[in-house]
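Engineer: Residue numbering for the sequence shown follows this note's numbering, starting at 961 and increasing by one per position. Quick one: the structure is below, and I'll ask about it shortly.
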Amino acid sequence: MCGVIAHYNGGGAEQDLLPATMLAIVRRSLVRRGYINTEFFDEHYDAFLREIGPRVRAGNIRYREDIVDGLEKARRLSSACWPAGTSAKRSFAFRNARSFTIGWSRADNLAPENPMMPRQERYNLAVLDDYQNVALSLADWSVLDGRASVTVFNDHLADADAVVERLQPFDIVCVMRERTPLTRTIIERLPRLRLIASTAFRNASIDVKAAEERGIPVVHTSYTSAPTIELTWALILASARNLVAENTSLRSGGWQRSIGDDMAGRTLGVLGLGNVGGAVAQIGKAFGMNVTAWSQHLTAERAAEVGAELVSKEELFGRADVVSVHLVLSGRTRGLVGASELALMKPTARLVNTSRGPIVIEADLIAALKAQNIAGAAIDVFDQEPLPLDHPFRTLPNLLATPHIGYVSRGLYSRFYRDTVKNIRRWLDGQAAG
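As structure tokens, this is what we get:
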């Protein structure tokens, strides 16, 4: 942090040009063991940028591989703001938008490194698609001190050429599930790439074979289905009780405007009884619903385990008041739900999809909703993500749509980023030992 102060002052702490917001961030950060207080930083981010923007554009603030030089320049200022005994130091530089780089270093004093000691290799690490700007606050990245420079990108790039250009400087790339695909074409154009760290235990958007051919390990994190199960029922209930429309009416000065549908005594049809589908079925039973289920290899015994009745696909769509999709996307399931299946549904029935968008044929679902052949749909997944601005799903009145947030919960995100840091640290240890 003192290195940043020195670069901000552009030649010496004696100029005392530190702006108020930056000083507040420094002081609040140092109270917390010398680490950047990310919550406080986020709260004051806009004011911070307004104050330092001219210096950033002028190049006075920049990333330094070795912050000792910056620390030497900042001795006088550091003595005023650095608590006694604190040894953690950080420097950072701002990219465009809200992306920034953090270079981390630890020392017992302000003395430069011994030039006779061998320097440990430092890797450049990119964290992609951190939409909520939380990656650095949900895990302790300080364990990578002095070994990796972390750059966080909060925006999403859809164009493959733009992705390649962004990732050229990086040795390690951290991807969030299936947001930015790492295809063979992209991987082969990244000569520096040494490690791919993905969240969850499966990521279909990474060409694992292409990575293996280039000797690039792909590591994964642990996972829990609980957030997706919970969101599935949030969507079912919100759709059945018209919660969005009722909330909108209330906020605009109105009152009751619709009659919601019951769950008790109705029929829930579940496509797929894996970890998510099985739990969704059991919750349906708890609501007093009749539960039916189907998938290609589902057995009556498995269905009975969760209180469901095994039926044919056609019977499931014909009987259900709510059809909920919980299948893995594959060649067999892509396009599984289309016009013929939707035509079997009651005009009062609803379709829910928190699995993968391409399982349901988008054009057929749009047509059914526009014609009001079914009462509604609630979906969290799409063929193309992020959803294009002009997509019909954004405007259909009988569709409740959320932006793929089934796994976006604080607990699961914390697990993702903590495991990612552990995976990277383990890999770095292996590189140092090798």
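In this text, a Cβ means the ideal position worked out from N, Cα and C, and glycines have one as well.
1. With DSSP as the reference, label N1383 as helix, strand or coil.
2. With a CB to CB cut of under 6 Å and the five nearest residues on each side skipped, what residues in its chain are close to R1316?
3. Between which two residues does the alpha helix (DSSP H) holding R1310 run?
4. Thinking C-alpha only, which one of D1281, W1215 and I1319 is nearest R1294?
5. Pull up the distance between the alpha-carbon of G925 and that of S1255, whole angstroms please.
6. Since I believe V1168 is in contact with V1178 (beta carbons under 8 Å), could you give me their beta-carbon distance rounded to a whole number of angstroms?
7. Use the C-beta contact count for H1364: other C-beta atoms within 10 angstroms, 16 or more gives buried, fewer gives exposed.
8. Below 8 Å on the Cβ atoms is my guess for R1201 versus G1225; work out the distance and round it to an integer in Å.
9. Below 9 Å between beta carbons: does that hold for G1267 and A1241?
10. Do V1135 and N1163 have their C-beta atoms closer together than 9 Å?
11. Could you check whether the segment 1139 to 1154 touches the segment 1116 to 1129, counting it as contact only if at least three pairs of C-beta atoms, one from each stretch, sit closer than 8 Å?
12. Hey, which unbroken runs of the beta strand (DSSP E) at 3 residues or more fall wholly within the segment 1305 to 1367?
13. Measure the beta-carbon distance from V1282 to V1312 and round it to whole angstroms, keeping in mind my assumption that it falls under 8 Å.
14. Would you mind reading off the limits of the alpha helix (DSSP H) that contains A1198?
15. Within the continuous alpha helix (DSSP H) that includes S1165, where are the two ends?
16. If you follow the beta strand (DSSP E) that G1229 is part of, which residue opens it and which one closes it?
17. Please look up how many angstroms separate the CB atoms of I1384 and L1203, rounded, as I've assumed it's under 8 Å.
18. Which residue comes first and which comes last in the beta strand (DSSP E) that contains S1209?
19. Name the DSSP beta bridge partners of L1085, please?
20. Would you mind reading off the limits of the beta strand (DSSP E) that contains L1258?
21. Using CA coordinates, which residue listed in M1305, I1334 and V1236 is at the minimum distance from L1287?
22. Can you tell me whether R1279 is buried or exposed? The criterion is at least 16 other CB atoms within 10 Å of its CB, across all chains shown.
23. Please determine, among N1093, H1351, M1305 and I1176, the residue with the shortest C-alpha to C-alpha distance to T1227.
24. Return the CA-CA distance between A1264 and A1335, expressed in angstroms with no decimal places.
25. Looking at the strands, I want to know which residues DSSP matches up with S1158.
26. Measuring alpha carbon to alpha carbon, tell me which residue in Q1344, P1357, I1321 and P1352 is nearest Q1332.
27. CB A1337 to CB L1347, shorter than 9 Å?
28. Taking T1398 as the reference, which of R1386, A1393 and Q1391 has the closest Cα?
29. I'd like the list of long-range same chain contacts for G1244, defined as Cβ closer than 6 Å, with 5 residues on each side in sequence excluded.
30. Identify, in the order they occur along the chain, each residue of the same chain with its Cβ nearer than 7 Å to the Cβ of W1101, setting aside the five sequence neighbours on each side.
31. Excluding the 5 residues flanking D1090 on each side, which residues of the same chain have their C-beta closer than 6 Å to its C-beta?
32. Any idea which residues DSSP pairs V1178 with across the strands?
33. Within the present structure, is the beta-carbon of H1351 separated from the nearest heavy atom of the ligand GDP by less than 8 Å?
34. Compare the C-alpha of L1302 against each of G1291, E1322 and A1171 and name the closest.
35. Identify the continuous beta strand (DSSP E) that holds V1285 and give its terminal residues.
36. What did DSSP end up calling N1235 once you bin it into helix, strand or coil?
Structural biologist: According to the data block:
1. Here residue 1383 refers to the residue found at position 423 of the sequence shown. Correct three-state label for N1383: helix.
2. Residue 1316 sits at position 356 when you count from the first residue of the sequence shown. Correct list, in chain order: L1289 and V1341.
3. Taking the first residue of the sequence shown as 1, we reach residue 1310 at position 350. It is not in any alpha helix (DSSP H) - R1310 instead sits in the beta strand (DSSP E) that spans R1310 to N1313.
4. Taking the sequence shown and counting its residues from 1, one reaches residue 1294 at position 334. For R1294, the nearest C-alpha among the options comes from I1319.
5. Absent from the model: residue 925. The displayed extent of the chain is 961 to 1394, so no value can be given.
6. Position 218 of the sequence shown holds residue 1178. Position 208 of the sequence shown holds residue 1168. That pair is a contact at about 5 Å.
7. As a working note, residue 1364 is residue 404 in the sequence shown. Buried is the call here.
8. Translated into positions along the sequence shown, residue 1201 becomes position 241. Translated into positions along the sequence shown, residue 1225 becomes position 265. 16 Å between Cβ atoms; not a contact.
9. Translated into the one-based positions of the sequence shown, residue 1267 becomes position 307. Translated into the one-based positions of the sequence shown, residue 1241 becomes position 281. Yes. Within cutoff.
10. On the sequence shown, residue 1135 is found 175 positions in, with the first residue counted as 1. On the sequence shown, residue 1163 is found 203 positions in, with the first residue counted as 1. Cβ atoms of V1135 and N1163: closer than 9 Å.
11. yes
12. 1310 to 1313, 1336 to 1339 and 1359 to 1361
13. Working through the sequence shown from its first residue, we reach residue 1282 at position 322. Working through the sequence shown from its first residue, we reach residue 1312 at position 352. Right, their Cβ atoms sit about 6 Å apart.
14. For the purposes of this step, residue 1198 is taken as the residue at position 238 of the sequence shown. Run containing A1198: A1186 to A1200, per the alpha helix (DSSP H) assignment.
15. Within the sequence shown, the letter at position 205 stands for residue 1165. Element bounds for S1165: n/a, residue is neither H nor E.
16. For this step, residue 1229 is matched to residue 269 along the sequence shown. Run containing G1229: T1227 to L1231, per the beta strand (DSSP E) assignment.
17. The residue you call residue 1384 lines up with position 424 of the sequence shown. The residue you call residue 1203 lines up with position 243 of the sequence shown. The pair is not a contact, with the Cβ atoms about 41 Å apart (cut-off 8 Å).
18. Against the sequence shown, residue 1209 aligns to sequence position 249. Counting along the chain, S1209 falls outside any beta strand (DSSP E), though it belongs to the alpha helix (DSSP H) covering L1203 to R1211.
19. Position 125 of the sequence shown holds residue 1085. For L1085, which the question treats as bridged, DSSP gives the partners V1110 and I1132.
20. Numbered from its first residue, the sequence shown carries residue 1258 at position 298. Careful: L1258 lies outside any beta strand (DSSP E) and carries neither H nor E.
21. The residue you call residue 1287 lines up with position 327 of the sequence shown. Ranking the options by Cα distance to L1287, first place goes to V1236.
22. For the purposes of this step, residue 1279 is taken as the residue at position 319 of the sequence shown. With 16 or more other Cβ atoms within 10 Å, it is buried.
23. Mapped onto the sequence shown, residue 1227 falls at position 267. Out of N1093, H1351, M1305 and I1176, M1305 has the C-alpha closest to the C-alpha of T1227.
24. Start at 1 with the first residue of the sequence shown, and residue 1264 comes out as number 304. Start at 1 with the first residue of the sequence shown, and residue 1335 comes out as number 375. Their backbone Cα atoms lie some 29 Å apart in a straight line.
25. Residue mapping note: residue 1158 aligns to position 198 of the sequence shown, counting from 1. Beta-bridge pairing links S1158 to V1135.
26. For the purposes of this step, residue 1332 is taken as the residue at position 372 of the sequence shown. Checking every option, the nearest Cα to that of Q1332 belongs to P1357.
27. Locating residue 1337 in the sequence shown gives position 377, where the first residue counts as 1. Locating residue 1347 in the sequence shown gives position 387, where the first residue counts as 1. Not closer than 9 Å, so no.
28. Limits of the chain in this structure are 961 at one end and 1394 at the other, which puts residue 1398 out of reach.
29. One-based indexing of the sequence shown puts residue 1244 at position 284. Excluding positions up to five away in sequence, the list reads L1228 and V1251.
30. Numbered from 1 along the sequence shown, position 141 holds the residue referred to as residue 1101. So the qualifying residues of the chain are V1110 and V1381.
31. Start at 1 with the first residue of the sequence shown, and residue 1090 comes out as number 130. These residues qualify, in order along the chain: V1112 and N1114.
32. To locate residue 1178, count along the sequence shown from 1; it is residue 218. Note: V1178 sits in a beta bridge opposite I1156.
33. For the structure depicted, the ligand GDP is absent and the ligand set is empty, with no information on it obtainable.
34. Here residue 1302 is taken as the residue at index 342 of the sequence shown, counted from 1. Among G1291, E1322 and A1171, the Cα nearest to that of L1302 belongs to E1322.
35. On the sequence shown, residue 1285 is found 325 positions in, with the first residue counted as 1. Element bounds for V1285: V1282 to V1285.
36. Position 275 of the sequence shown, counted from the first residue, corresponds to residue 1235. N1235 falls in the helix class under three-state DSSP.
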